[in-house]
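The letter at position 102 of the sequence shown is residue 102 when you use full-length UniProt numbering, and the numbering goes up by one with no holes. Structure, as structure tokens:
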Amino acid sequence: EDVFVCTAIVDLYAKCGHMAEAREVFSRIPNPSGVSWTVMLSGCTKSNDALSALEIFKEMRRSGVEINSFTVTSVIAACGRPSMVCEASQIHAWVLKSGFYLFSSVAASLI
């Protein structure tokens with residue numbers, strides 16, 4: 001399967017709010033790129049599924065997938081609920097440790 005095409009389909013499903021279908025297509029990508037992972041994470045965030053977004057972020061880190069500033073702003077947005085204070089604190093600490101706070105988009109999303 002073509003990673004670029006599959007990622008575009010995941011993005012399409014996610015933007016339409018069809019996360020089950022997005023997950024199905026994502027699961028068929030043999031070696032998802034960082035963009036593929038970020039599209040899936042962003043879709044979960046926009047669908048108010050913060051726990052799935054955090055799990056995807058953790059899996060990205062475990063897998064050694066490249067994380068970019070867009071990935072980080074998406075996971076920060078997922079933690080922007082009062083019930084996610086502990087998770088938000090952990091993400092904030094990771095952002096400081098990793099140096100992503102130097103990106104203006106990430107710094108702005110932390111405010």
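Where is the CB? At the ideal position from N, CA and C, for every residue including glycine. Because the structure is a prediction, the values reported are computed rather than measured.
Taken atom to atom, the span from the alpha-carbon of valine 39 to that of aspartate 11 is near 6 Å.
DSSP places methionine 84 outside any alpha helix (DSSP H), giving it a letter other than H or E. When the Cα atoms are used, alanine 50 and alanine 78 turn out to be separated by approximately 5 Å. If you look at aspartate 11, you'll find it in the alpha helix (DSSP H) that goes 3 to 15. Arginine 61 sits in a helix when the DSSP states are folded into three classes.
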